[in-house]
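Beneath this line is the structure, given in C-alpha cells, with notes to follow.
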Amino acid sequence: MAPDGTDRGDPETWRLANPSYGVIQTDKKLEAEFRKMSTPAGRKSFDCEYLGRGDWPEDPEDVEAVLDPEVWSDMEETAPVLRGQVALAVDRSQDGKWWAIAAAKSTDEGRIHLEIGYFQKATQDDVVKYLLAVIQAWDPCVLVIDRKSKAAVLEAKLVAVGVEPEMTGAPQMAVACQGFLDDAVAGLLSHTGQPVLDDAVSAAGQREMPQGDWAWTGPSIAPLVAATLARWGLLAFGVTAPPPASPSTGTGSTTTTARSSGELDVLAAAF
Numbered sequence: 000m001a002p003d004g005t006d007r008g009d010p011e012t013w014r015l016a017n018p019s020y021g022v023i024q025t026d027k028k029l030e031a032e033f034r035k036m037s038t039p040a041g042r043k044s045f046d047c048e049y050l051g052r053g054d055w056p057e058d059p060e061d062v063e064a065v066l067d068p069e070v071w072s073d074m075e076e077t078a079p080v081l082r083g084q085v086a087l088a089v090d091r092s093q094d095g096k097w098w099a100i101a102a103a104k105s106t107d108e109g110r111i112h113l114e115i116g117y118f119q120k121a122t123q124d125d126v127v128k129y130l131l132a133v134i135q136a137w138d139p140c141v142l143v144i145d146r147k148s149k150a151a152v153l154e155a156k157l158v159a160v161g162v163e164p165e166m167t168g169a170p171q172m173a174v175a176c177q178g179f180l181d182d183a184v185a186g187l188l189s190h191t192g193q194p195v196l197d198d199a200v201s202a203a204g205q206r207e208m209p210q211g212d213w214a215w216t217g218p219s220i221a222p223l224v225a226a227t228l229a230r231w232g233l234l235a236f237g238v239t240a241p242p243p244a245s246p247s248t249g250t251g252s253t254t255t256t257a258r259s260s261g262e263l264d265v266l267a268a269a270f
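The sequence shown: position 72 = 71 (numbering that gives the first Met the number 0), numbered continuously.
Following this line, the structure appears as C-alpha cells:
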C-alpha cells in the first residue's frame, strides 16, 4: 500500500504500492490508467486498485463498544427484590426471524431490572398468543413496540384481541436509547446476565438520527432494543412504587415483596 500523503500521480508512489512493479505494472500502464481516471470517483478508484488506499469499513473487532462490558457486567443481579408495575416491550430481528420480548420492573434498590423472557423464531400469531398469556398473568402498565420495527406488524393483531400497544416513533426511541445508556453508565439498571442480552449489548452500535439524536444499530440487537423500550415504558407509564416498608418489630402482619410471596420469581414466572 502506498503511504498516506504520497502523491497518487508520482511514479515513485506507484512503485511503493506495487512490489512487482516493472513486471506486472509499468510506468506506461499506470500513466494510461491515471489519465483515464480524472474524475473524483476515478481518482478514488485508482487509489483503491493501484495504490491499496481506500475508505475501508472498520473491522467489527476494532469498533469500540457503546457500553463498557465491565460496566454492564457490574450490574448483574440474579436475585433482585422487585416491586411496582411491570412494562413489556417487543422487538424483532432485521431478517424478521427472531422475536424478543423484554420486561422491566423496579427493584427495592431504586434500579430498573431488565430481563428477556422470550427470544425465538415464531409466527406472528404465536407471539400474540404468548403476549396475551403474559399480559393476563401480569397486567403490565404498557406494551411497547417501535413503529419502525419489524415487530410493528403485531399492532393490528393485538388490537383485534383487545390489546393496544404503545407504538413509539423516532423521538421516543431517541429518548429511550439515551436514557438507557445514561442509566447504565450510572449503574441504575439491573439484569441477570442472560447471554442473549449480554451479546446484544456488546454488539450494539449507534446510528445518528436527525437533530443529533441516536439509536441502537446492529444485526443482532433485538433483545437490547426490547429492553430499552421496556425501561422507557416503565418510566413513562408505570406508577412509581412506594419504598419498601421498614421491618416490623411488633406481632402484626408483615409486608412481603413479590418474590417473598411467591408471586414472581424475578421476571421469569410468566415468561
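Yeah, the Cβ is synthetic: ideal placement off N, Cα and C, and Gly gets one too.
The structure presented is a predicted model; accordingly, all values stated were derived computationally and were not measured.
Among the options, nearest to residue i - alpha-carbon criterion
{"i": "P209", "options": "A173, P194, P79", "result": "A173"}
{"i": "A214", "options": "I220, Q205, A221", "result": "Q205"}
{"i": "P222", "options": "W98, P79, K27", "result": "W98"}
{"i": "Q93", "options": "F236, I220, L113, M74", "result": "I220"}
{"i": "D90", "options": "L130, A235, P170", "result": "L130"}
{"i": "K96", "options": "L87, V141, A235, A121", "result": "A121"}
{"i": "K149", "options": "E207, P139, V158, A225", "result": "A225"}
{"i": "Q119", "options": "L157, L113, I100, T106", "result": "I100"}
{"i": "Q123", "options": "D138, V152, Y117, E108", "result": "V152"}
{"i": "G211", "options": "H190, D198, K28, Q177", "result": "Q177"}
{"i": "S105", "options": "E76, L180, Y117, D6", "result": "E76"}
{"i": "S189", "options": "D107, D6, E32", "result": "D107"}
{"i": "P79", "options": "E30, T191, A102", "result": "T191"}
{"i": "L196", "options": "E30, A102, L50", "result": "A102"}
Close beta carbons around residue i, own chain, < 6 Å, minus the five adjacent residues each side
{"i": "Q193", "result": "I115"}
{"i": "Q171", "result": "none"}
Per DSSP, cross-strand counterpart(s) of residue i
{"i": "S201", "result": "For S201, which the question treats as bridged, DSSP gives no partner whatsoever."}
{"i": "L81", "result": "T106"}
{"i": "R206", "result": "A214"}
{"i": "D90", "result": "A99"}
{"i": "E337", "result": "For the chain, the structure presents residues 0 to 270; residue 337 sits outside this window and is missing."}
7 Å CB neighbourhood of residue i in its chain, flanking five on each side removed
{"i": "L187", "result": "R110, I111"}
{"i": "P10", "result": "D26"}
{"i": "V160", "result": "V127, L131"}
{"i": "G298", "result": "The structure shown does not extend to residue 298, since the chain is modelled only from 0 through 270, so no value can be given for it."}
{"i": "G237", "result": "G83, Q84, A86, C140"}
{"i": "A64", "result": "S201"}
Close-in-space but distant-in-sequence residues of the same chain around residue i (CB under 8 Å, 5 per side omitted)
{"i": "T167", "result": "V143, I144, D145, R146, A175, L228, W231"}
{"i": "D61", "result": "Here D61 scores only 46 on pLDDT, less than 50, and its place in the model is too uncertain to base an answer on."}
{"i": "A183", "result": "L66, V70, W71, M74"}
{"i": "L157", "result": "V127, L130, L142, E163, P164"}
{"i": "E207", "result": "W213"}
Original post:
When the Cβ atoms of the segment 60-79 are set against those of the segment 31-45, are three or more pairs found closer than 8 Å?
Top reply: no
Subject >> In chain order, each alpha helix (DSSP H) run of at least 4 residues that lies wholly inside the segment 109-188 >> reply: 123-137, 153-159, 169-184
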